[in-house]
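Chemist:
In the working numbering, the protein residues as written are 1107 to 1853.
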């Protein structure tokens, strides 16, 4: 018997591909289902917002077959590497936006005279021929994509909003063109040969305008990953064979020693081998106070060197660095959120076949039961049903409410990027707050200056302290200098100045030596702490404040308390959220003592300290696994992954560009009270959408049977297509008017 051998299967390949040609959420669903049906594909997730597909497939899968399958339904899967770059994708988005903007402007410009002539001057000479000439480019050029997409969908047995647009406008145009070219057909039968060119052109112009607004909103959210990538320098200076050389970042190897000068970004993850400096690590920790780095300390890609020079040894490069991992996690977090298919697109899949069925049934019924002029009446019934079932009211129901709601939010400093977030905000059950820059101001400030000397001595000492801090390179020195300068203090002329690494500074003035720094500096120079000074220092530390000591002539003479001050409105905002029944949590990269002190001051019971960016994302996902609908509020790069994963990501307006790009809501005034206002706005907007959809459906439920001729056997009433067009316009006006009521909403 032959021995058993272990069969090793190769792991599946995961790849992200740009998708070209998607114009609505339904498109994403079509592409996703087509990809999942292909041999070798194990899973596929299409992100409409990013226009990408995350595909997991078996090794050996022919990607060109996947591409052909997507091309068959009217889209394109881009396989070439140069097509998949951020720059190429952004260029395609800009080109698409420019293209649809041009179409919209031309379609609107040509539709306006058609609508005016059709409504007010349809009896003037050659009116129909003029409207035909103006309608031709709108239908067959600026609106051609609706017909192409509808045909491609039909080939695969599918229907969407493009199908309704194509049917209603196409039949309205053909019917009108026939009546213009051969009006005798209806005149000889005693009927007026009406035309509906304005219906065809205005519908196309309206739908194009909606797509233009959608493209503009999406283009504003696509820069987050690009900006994250911009945190890594393109080239670095390295020491190889004792010589300083400049290398592209891609050529840096593990073990290389790199030179980092003041103001430069750290290019790799590694450790300091020589030098000392302070690094701004806020992109990782979120904390505003720079961290001192000396030999053997760890440094991370994208953090910013302050004033000193460093030599670091590379330990992780390329895709292994912490920044690269953050970029990857943000990409996956954005891609993991399946696009919410618009309700109108969902309904269209059912609504379109029903409307077509009713229109055909009306035609057949009139043809066989209509008696004299049966063909004429059958054709009129078919046209009237398709015109009155035009998706204008249905298509306007959601976007008009969203547009007004977004505008109302902007007036109140709440910038909302997409409909999904506005629709989701009222469902929130939990809100997670970053500490620094969100609850607090995000900048170190002097909160107290406690003197241990008489008033006259204070007047002499303050100028010396200001002069020392003006020359200090410590990151906290600026806060002290600013505070003293605002008190009207003028700097004294120092005789000598020296920086003591890791401790503080010392200087001489008028024959006396002064020290300014941490507790160790005082102890090493034999400066005495009085019981009152000791007690005050302990109290300030318990309040999570950084304490800087000043001393001279053998004793400590002043204490300077520095902290990231809490915003005046934070406590009230948190109380408002709790009153709405929300669970409120605080996450921070700061230490547990500081976190506890801040949580106590703002009335929070739930908080976590010393969390890294991945920890924040894990916490969001844990809450979601518990069934919570989570809003994440942050302002830093370290919050970007959590913001992307949350059901609603909310960025502070004074935070980083990356946080604002990833988040779907931005609070321009950085006032947390705006969160409660955003939730109220969300509730009102969703209520308006439901009202709009109700009226749009009621209109169709009543209008379609009347258009089909249901009232004719009883009352002899047959709806004229012209009245059907007017009813269609009236339904759209009612939807828009109802949406405009949101402008009066008090937040």
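Where a beta carbon is used, it is the ideal one built from N, C-alpha and C, also for glycine.
Computed from a prediction, not measured in an experiment: that's the story for all the values here.
1) Below 7 Å CB to CB, which residues in the same chain sit around residue 1121 once its five sequence neighbours on both sides are set aside?
2) Please say whether residue 1776 and residue 1531 have beta carbons closer to each other than 7 Å?
3) Per the DSSP calculation, residue 1351 is bridged to which residue(s)?
4) Use the C-beta contact count for residue 1821: other C-beta atoms within 10 angstroms, 16 or more gives buried, fewer gives exposed.
5) Rounding to the nearest angstrom, what Cα-Cα distance links residue 1291 and residue 1228 in this structure?
6) Only counting the same chain, and skipping five residues up and downstream in sequence, which positions put a Cβ closer than 7 Å to that of residue 1076?
7) Secondary structure at residue 1842, three-state DSSP: helix, strand or coil?
8) Going by beta-carbon coordinates alone, are residue 1494 and residue 1813 separated by less than 7 Å?
9) When burial is assigned at 16 or more other CB atoms within 10 Å of the CB, is residue 1406 buried or exposed?
10) Would you report the Cα separation of residue 1268 and residue 1152, rounded to the nearest angstrom?
11) What's the gap between the Cα of residue 1752 and the Cα of residue 1526?
12) Would you be able to state if there are at least three C-beta pairs under 8 Å between the region 1610-1621 and the region 1570-1587?
13) Pull up the distance between the alpha-carbon of residue 1612 and that of residue 1599, whole angstroms please.
14) For the putative contact between residue 1286 and residue 1245, defined by C-beta atoms under 8 Å, what is the C-beta separation to the nearest angstrom?
15) From residue 1711 to residue 1541, what does the alpha carbon distance come to, in whole angstroms?
16) Inspect the CB distances between the region 1364-1383 and the region 1400-1416 and report whether three or more fall short of 8 Å.
17) Short of 8 Å in beta carbon distance, which residues of its chain neighbour residue 1707, apart from the five on each side in sequence? Order them along the chain.
18) So what's residue 1179 in DSSP terms, helix, strand or just coil?
19) Starting from the N-terminal side, write out each stretch of the alpha helix (DSSP H) that is 4 residues or longer and does not extend beyond the region 1214-1272.
20) In the DSSP output, which residue or residues are listed as bridge partners for residue 1756?
21) Between which two residues does the beta strand (DSSP E) containing residue 1123 stretch?
22) Could you spell out where the alpha helix (DSSP H) holding residue 1159 opens and where it closes?
23) Return the Cβ separation of residue 1158 and residue 1123 in integer angstroms, given the expectation that the two are a contact with Cβ distance under 8 Å.
24) Using 7 Å as the threshold, is the C-beta distance between residue 1675 and residue 1779 below it?
25) By a C-beta neighbour count over all protein chains shown, 10 Å radius and 16 as the cutoff for buried, is residue 1138 buried or exposed?
26) What are the uninterrupted segments assigned as beta strand (DSSP E) that are 3 or more residues long and contained completely in the region 1667-1712, given in chain order?
27) Nearest-angstrom Cα distance between residue 1309 and residue 1370?
28) Using only alpha-carbon positions, find the residue among 1510, 1272, 1353, 1702 that is nearest to residue 1314.
29) Give the single residue among 1742, 1535, 1663, 1491 whose Cα lies nearest to the Cα of residue 1562.
30) For residue 1867, which residues from the same chain have a beta carbon less than 7 Å from its beta carbon, with the 5 sequence-adjacent residues on both sides left out?
31) Return the first residue and the last residue of the alpha helix (DSSP H) that residue 1648 is part of.
32) Just confirm the distance between the C-beta atoms of residue 1781 and residue 1683, as a whole number of angstroms; I'd bet it's less than 8 Å.
33) Out of 1386, 1236, 1367, 1528, state which residue places its alpha-carbon closest to the alpha-carbon of residue 1416.
34) Quickly, what does DSSP pair residue 1550 with across the bridge? List them, please.
35) Would you call the CB atoms of residue 1091 and residue 1262 closer than 7 Å?
36) Between the C-alpha atoms of residue 1767 and residue 1773, what's the straight-line distance to the nearest angstrom?
Modeler: From the atom records:
1) In the chain shown, residue 1121 corresponds to position 15, counting from 1. The residues are 1161.
2) Start at 1 with the first residue of the chain shown, and residue 1531 comes out as number 425. Start at 1 with the first residue of the chain shown, and residue 1776 comes out as number 670. It is not a contact, given that the beta carbons lie outside the stated cut-off.
3) As a position in the chain shown, residue 1351 is number 245, starting the count at 1. Beta-bridge pairing links residue 1351 to 1344.
4) The residue given as residue 1821 occupies position 715 in the chain shown. When all chains shown are included, residue 1821 counts as exposed.
5) If you number the chain shown from 1, residue 1291 lands on position 185. If you number the chain shown from 1, residue 1228 lands on position 122. The straight-line gap from Cα to Cα measures roughly 19 Å.
6) Given that the chain is displayed from residue 1107 to residue 1853, the structure contains no residue 1076 and the question cannot be resolved.
7) Taking the chain shown and counting its residues from 1, one reaches residue 1842 at position 736. Correct three-state label for residue 1842: helix.
8) As a first step, residue 1494 is located in the chain shown; it is residue number 388 there, counting from the start. As a first step, residue 1813 is located in the chain shown; it is residue number 707 there, counting from the start. A contact, by the Cβ cut-off of 7 Å.
9) As a position in the chain shown, residue 1406 is number 300, starting the count at 1. Buried is the call here.
10) Counting from one through the chain shown, the residue named residue 1268 turns up at place 162. Counting from one through the chain shown, the residue named residue 1152 turns up at place 46. Straight-line Cα distance between these residues: approximately 20 Å.
11) To locate residue 1752, count along the chain shown from 1; it is residue 646. To locate residue 1526, count along the chain shown from 1; it is residue 420. Between residue 1752 and residue 1526, the C-alpha separation is close to 12 Å.
12) yes
13) The residue given as residue 1612 occupies position 506 in the chain shown. The residue given as residue 1599 occupies position 493 in the chain shown. Distance between the alpha carbons of residue 1612 and residue 1599: 14 Å.
14) Position 180 of the chain shown, counting from 1, holds the residue named residue 1286. Position 139 of the chain shown, counting from 1, holds the residue named residue 1245. No, residue 1286 and residue 1245 are not in contact; Cβ-Cβ is about 14 Å, not under 8 Å.
15) Residue numbering aside, residue 1711 sits at position 605 when the chain shown is read from its first letter. Residue numbering aside, residue 1541 sits at position 435 when the chain shown is read from its first letter. Those two C-alpha atoms are separated by around 14 Å.
16) yes
17) Along the chain shown, read from residue 1 onward, the residue named residue 1707 stands at position 601. If we look at residue 1707 and ignore the five residues flanking it on each side, its Cβ neighbours are 1672, 1677.
18) If you number the chain shown from 1, residue 1179 lands on position 73. Residue 1179: coil per DSSP, three-state reduction.
19) 1233-1243, 1250-1261
20) The residue labelled residue 1756 in the question sits at position 650 within the chain shown. In the DSSP output, where bridge partners are listed per residue, residue 1756 has 1739, 1771.
21) Counting from 1 along the chain shown, the entry for residue 1123 is found at position 17. Note, residue 1123: beta strand (DSSP E), 1119-1126.
22) On the chain shown, residue 1159 is found 53 positions in, with the first residue counted as 1. It is not in any alpha helix (DSSP H) - residue 1159 instead sits in the beta strand (DSSP E) that spans 1158-1163.
23) In the chain shown, residue 1158 corresponds to position 52, counting from 1. In the chain shown, residue 1123 corresponds to position 17, counting from 1. Residue 1158 to residue 1123, Cβ: 7 Å. Contact.
24) As a position in the chain shown, residue 1675 is number 569, starting the count at 1. As a position in the chain shown, residue 1779 is number 673, starting the count at 1. Going by C-beta atoms, residue 1675 is nearer than 7 Å to residue 1779.
25) Reading the chain shown from its first residue, position 32 is the one you call residue 1138. With 16 or more other Cβ atoms within 10 Å, it is buried.
26) 1689-1693
27) By one-based count along the chain shown, residue 1309 stands at place 203. By one-based count along the chain shown, residue 1370 stands at place 264. Distance between the alpha carbons of residue 1309 and residue 1370: 55 Å.
28) To locate residue 1314, count along the chain shown from 1; it is residue 208. Checked all of 1510, 1272, 1353, 1702; the closest Cα to residue 1314 is 1272.
29) As a first step, residue 1562 must be located in the chain shown, where it is residue number 456. Among 1742, 1535, 1663, 1491, the Cα nearest to that of residue 1562 is on 1663.
30) Limits of the chain in this structure are 1107 at one end and 1853 at the other, which puts residue 1867 out of reach.
31) The residue given as residue 1648 occupies position 542 in the chain shown. It spans 1637-1648 - the alpha helix (DSSP H) in which residue 1648 sits, taken as one unbroken run.
32) Sequence index remark: in the chain shown, residue 1781 carries index 675 (1-based). Sequence index remark: in the chain shown, residue 1683 carries index 577 (1-based). About 6 Å; that satisfies the 8 Å criterion.
33) As a working mapping, residue 1416 is identified with position 310 in the chain shown. That would be 1367, whose Cα lies nearest to the Cα of residue 1416.
34) Locating residue 1550 in the chain shown gives position 444, where the first residue counts as 1. BP columns for residue 1550 point to 1670.
35) Since the displayed the chain opens at 1107 and closes at 1853, residue 1091 lies outside it and no answer follows.
36) Translated into positions along the chain shown, residue 1767 becomes position 661. Translated into positions along the chain shown, residue 1773 becomes position 667. The straight-line gap from Cα to Cα measures roughly 12 Å.
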